[in-house]
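Just so you know, the sequence shown maps onto residues 4 to 507 in the numbering used here. Every residue gets a Cβ at the ideal spot worked out from N, C-alpha and C, and that includes glycine.
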Amino acid sequence: MVTSTENPSPQTLGKVRPHQTQNEALLFEKSSPGKRAYKLPPLDVPAVDPAALLGAAHRTTPGELPELSEIEIIRHFTRLSTWNYAIDLGMYPLGSCTMKYNPRVNELVARIEGLAEAHPYRPDALAQGILEVIDLLQRCLLEITGMDAITLQPAAGAHGEFTGILLVRAWHESQGNPRRKVLIPDSAHGTNPATAAICGYTVENLKSNAEGGIDLEALTRQVDEETAALMLTNPSTIGVFESQIARIAEILHAKGALLYMDGANMNALVGKARPGDFGVDVMHLNLHKTFSTPHGGGGPGSGPVACKAYLEPFLPIPVLVQNEDGAKHWNYDRPQSVGRVRAFYGNTGMFIRALAYILANGPDGLRQTTEDAVLNANYIRKKLEDLYELPYKTASMHEVVFSDKRQAAKGVKTGDIAKRLIDYGFHPYTVSFPMIVHGALMIEPTESESLEELDLFIAAMRSIAKEVEETPELVKTAPHSTRVSRLDEVQAARKPILRWRPAE
Ligand SMILES: *Cc1c(COP(=O)(O)O)cnc(C)c1O
């Protein structure tokens, strides 16, 4: 391993990965003919001809599978699990993704038999428990967002955007003209323009001002009778709260256009400000970000869409309603609905986890969460702004975006610094996004991190900045402590090898 002698090394910062063994080939290719992970007793019933049982499905040559003993299989998968990085191992400052801790109480509640095993075809009358959970979550999310109606169907944030813009389109159609274009700021998440395009709209780019917010003059110029909506992320992807949001809504509404809010960054607002109160017409939430359900490789997403009352008739079917006697049922009889966007009712397991999180925290806990998330991001900002360039000086909310300007002068790019961070035991921050910041380092600690963990991260980032000055090659060739060194990322993305194949 390459280490600098003067600077604190990953080891001195106390973050070394477990189970590091050198011989890669030996660890991977373990199959050898004849090994088995089971032993069956001799047949004590009459043998049946498998061909007669299975017909054409009967395989005459056995499938080629790795041949291993049980302990080898167990060790293989257990070892692989330790080669990955997870929020359960340490800070995961992947900006925009809100990689917060997934509290274990959520998992306990989601495994309650009556909820976990509720079958989606169970008649409403026999599913009142799970319907109550869904209803309560809906009411909590409406309270948090200040909106009037909601669907939990969408399976992720991008899917929520799609659903939300379908509502916008259906509403404009009901007014006689679906309109032609959607405005999107240049700081937006890539899913926003993709959503607008897939819903049949032309995307028109809106320039940000020097503070990273919407340029009101440009907006006024660009909104017209053909504008269906503005899709706005608030706080934006550079972690800046759009302080002119109410005025922006007015400008749009004056031309009959709607305001869509990408609510993926609600971790900075929950308990503090409600989109419904500042002019937003429709928005999505990411339960897998703000409300602590596992994501990334860890679980399915959920992207509820909340809207104002005038968009309610267009919500996907079915919609949960309450009878006079208090019983709940799904209503499919909604002639103006945009239709289904997903099978059944959405990712129900995520609803249970999100509700558990909301109830476990309560209003004061959720507000504290927001304050801590913002405090943590600003702490990192303060502790690193002397070494890393801060392109936007506007106050940070839940994340802070630096640029690699100073390090790039030494030939070291944001991607190199991120790779070096792996050697220090941290998951990289988000690299080169948002695009309005050249060479961006986008850092989102979330509220989950303790002062001690934040200080370790800051020490690592400061140490790397020093390495860039003294031994830039060390950073440019990182990571040095991982199983594989720097990959050809283009090849890895274009020609991924995702499964075992028998040797030719
Ligand atoms: C994460 C994110 C999305 C997309 O959410 P997915 O669940 O990954 O589809 C959209 N917009 C912003 C600002 C995000 O951070």
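With contacts defined by Cβ atoms closer than 7 Å, Thr101 and Asn270 form a contacting pair. Restricting attention to Tyr88, Gly329, Pro49, Ile76, the CA atom closest to the CA of Arg486 is found in Tyr88. In this model, Leu261 and Ala357 are separated by some 28 Å (Cα to Cα). The closest heavy atom of ligand 1 lies less than 6 Å from the beta carbon of Asp265. Only residues of its own chain outside the window of five on either side were considered, and among them Arg409, Met464, Arg465, Ala468 have a CB closer than 8 Å to the CB of Leu390, listed in chain order. DSSP, reduced to helix, strand and coil, places Val487 outside both helices and strands of the structure shown, so it counts as coil. Looking at the DSSP output, Pro188 shares a beta bridge with Leu209.
In the DSSP assignment, the residues bridged to Val322 are Asn334. Residues lining ligand 1 by the Cβ criterion, that is a Cβ closer than 7 Å to any of its heavy atoms, are Ser99, Cys100, Ala159, Gly160, Ala161, His162, Glu164, His192, Thr194, Asn195, Thr236, Thr240, Asp265, Ala267, Asn268, Asn289, His291, Lys292, Gly304, Gly306 in chain order.
In the DSSP assignment, Phe429 falls outside any beta strand (DSSP E) and carries neither an H nor an E. Sequence-distant partners of Met286 (beyond 5 residues in either direction) whose C-beta falls short of 6 Å from its own C-beta, in its chain, are Met264, Gly266, Pro278, Ala309.
Sorting Leu155, Glu220, Ala197, Thr205 by C-alpha distance to the C-alpha of Ala161 places Ala197 at the top. Nearest neighbour of Ala231 by Cα position, chosen from Pro475, Leu288, Asn180, turns out to be Asn180. Across the structure, Met445 and Ala158 are spaced so that their CA atoms are roughly 25 Å apart. Less than 7 Å divides the Cβ of Ile241 from the Cβ of Pro437. As DSSP reads the structure, Tyr88 sits in no beta bridge. DSSP, reduced to helix, strand and coil, places His401 outside both helices and strands of the structure shown, so it counts as coil. Cα atoms of Gly442 and Ala213: separation of roughly 17 Å, rounded to the nearest angstrom.
Within the same chain, Cβ atoms closer than 7 Å to the Cβ of Asn334 are found at Pro321, Val322, Val324, the five residues on either side in sequence being excluded.
Taking C-beta separations shorter than 6 Å and ignoring five residues to either side along the sequence, the partners of Ala481 in its chain run Lys422, Arg423, Asp426, following chain order. In the three-state scheme derived from DSSP, where H, G and I count as helix and E and B as strand, Cys202 is classed as coil.
Per DSSP, Leu235 lies in no alpha helix (DSSP H) segment; the continuous beta strand (DSSP E) that holds it begins and ends at 230 to 236.
Per DSSP, Gly132 is one residue of the alpha helix (DSSP H) stretching across 131 to 148.
Shown here for Leu169: same chain residues with a beta carbon closer than 7 Å to its own, the five before and five after excluded, namely Cys202, Val341 in chain order.
DSSP lists Thr236, His287 as the bridge partner or partners of Asp265. Taking the CA atoms as reference points, Arg114 sits about 9 Å from Glu120. Annotation: Ser453 to Tyr395 spans about 26 Å, alpha carbon to alpha carbon. Around the Cβ of Asn326, a 10 Å sphere holds fewer than 16 other Cβ atoms; the residue is exposed. Just measuring C-alpha positions, the residue of Ala199, Asn381, Ser34 sitting nearest Pro69 is Ser34. With a 10 Å radius around the Cβ and a threshold of 16 neighbouring Cβ atoms, Lys385 comes out exposed.
For Leu444, the uninterrupted beta strand (DSSP E) run begins and ends at 443 to 446, by DSSP.
Put simply, of Glu402, Arg250, Met353, Ala411 the residue whose alpha carbon is nearest the alpha carbon of Leu118 is Met353. Spatial neighbours of Pro475 in its own chain (CB-CB distance under 8 Å, excluding positions within 5 residues in sequence) are listed in chain order as Lys413, Gly414, Val415. Remark: C-beta atoms of Val273 and Ile355 do not approach each other more closely than 7 Å. DSSP, reduced to helix, strand and coil, places Val112 within a helical segment of the structure shown. Counting only residues of its own chain and dropping the five nearest sequence neighbours on each side, Asn208 has a CB closer than 6 Å to the CB of Asp189.
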